[in-house]
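In the working numbering, the protein residues as written are 38 to 241.
So, in structure tokens, the structure goes:
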């Protein structure tokens, strides 16, 4: 008697194949999701870095041409301020040093947790105007809390999201140290902070 060959797959084989296929699909989805989240995080940080760099570049350009005798307040470390007033030197006319209109760079609150960096031109004058340079600056620097201590080990105490302090030794030009933190909440609800410090020498 001839035995007929079995055709097709048994129920057990089908279940095993489906289980393996399901595991492969889950692994592929997890890898894809992880890669997508990593790419999103990288892009998110790049956008924050761009905002921070652009804001710091504008602050540097403004303060580099400021007159050292017209920079206020001149706050030394470990204290700092969230604003700075200054005037730029326009040159000499008839033997007299000509100064530009007063300007201000400041952090201004927008919510209970965050604010923006603003540049004010012609401060206190009829033609005063204000331009926003950044909108994602927290009240305090990254890792800093309001406790009269230097929590983030940068030599400053309770410094705001935009903090400025000044060194003005007699044998050196006036230097303004600017610390800036920008932060934003990503799609997963996590706050992503980016921080940087620049040192600006007032050359006039």
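Glycine is no exception: its CB is placed at the ideal position from the N, C-alpha and C atoms.
Treat the numbers as computed from the prediction; the structure is a model and nothing was measured.
TODO: Provide the residue span of the beta strand (DSSP E) that contains residue 165, from first to last.
DONE: Counting along the chain, residue 165 falls outside any beta strand (DSSP E), and DSSP gives it neither H nor E.
Task: At least three beta-carbon pairs within less than 8 Å, the region 223-239 to the region 135-145 - done: no
- [ ] Identify the continuous beta strand (DSSP E) that holds residue 213 and give its terminal residues.
- [x] 212-222
- [ ] Report the partner residues of residue 158 according to the DSSP bridge assignment.
- [x] 166
- [ ] Report all residues from its chain with a CB closer than 6 Å to the CB of residue 172; omit the five preceding and five following residues, and keep chain order.
- [x] 153
Task: Same chain only: Cβ atoms within 6 Å of residue 228, ignoring 5 sequence neighbours per side - done: 220 and 222
Task: Length of the line joining the Cα atoms of residue 124 and residue 146 - done: 24 Å
Task: Residue range of the unbroken beta strand (DSSP E) whose run includes residue 128 - done: 120-130
Open item on the list: Can you give me the C-alpha to C-alpha distance between residue 254 and residue 209, rounded to a whole angstrom?
Closed with: The requested residue 254 does not occur in the structure, where the chain is confined to residues 38 to 241.
Open item on the list: Please report the straight-line C-alpha distance between residue 121 and residue 84, rounded to a whole angstrom.
Closed with: 26 Å
Open item on the list: Using 8 Å as the cut-off, can you tell me whether the region 86-106 makes contact with the region 151-171, which would need three or more C-beta pairs spanning the two stretches below that distance?
Closed with: yes
- [ ] Evaluate the contact criterion for the region 187-198 versus the region 93-113: three or more CB pairs, one atom per stretch, below 8 Å.
- [x] no
TODO: State the DSSP-derived secondary structure class of residue 172, mapped to helix, strand or coil.
DONE: strand
Open item on the list: Within 10 Å of its beta-carbon, does residue 54 have 16 or more other beta-carbons around it, so buried, or fewer, so exposed?
Closed with: exposed
Open item on the list: Quick check on this structure: which residue in 137, 129 and 182 has the alpha carbon closest to the alpha carbon of residue 160?
Closed with: 137
Open item on the list: In whole angstroms, give me the CA-to-CA distance for residue 112 and residue 201.
Closed with: 8 Å
TODO: Taking residue 230 as part of the beta strand (DSSP E), name the residues at either end of that continuous run.
DONE: 228-238
Task: residue 148 versus residue 176 - alpha carbon distance - done: 9 Å
Open item on the list: Among 157, 197 and 131, whose alpha-carbon lies nearest the alpha-carbon of residue 150?
Closed with: 197
Open item on the list: If I follow the unbroken beta strand (DSSP E) through residue 116, where does it start and stop?
Closed with: Premise fails: residue 116 is in no beta strand (DSSP E) and is neither H nor E.
Open item on the list: Can you tell me which residues form a DSSP beta bridge with residue 145?
Closed with: 153
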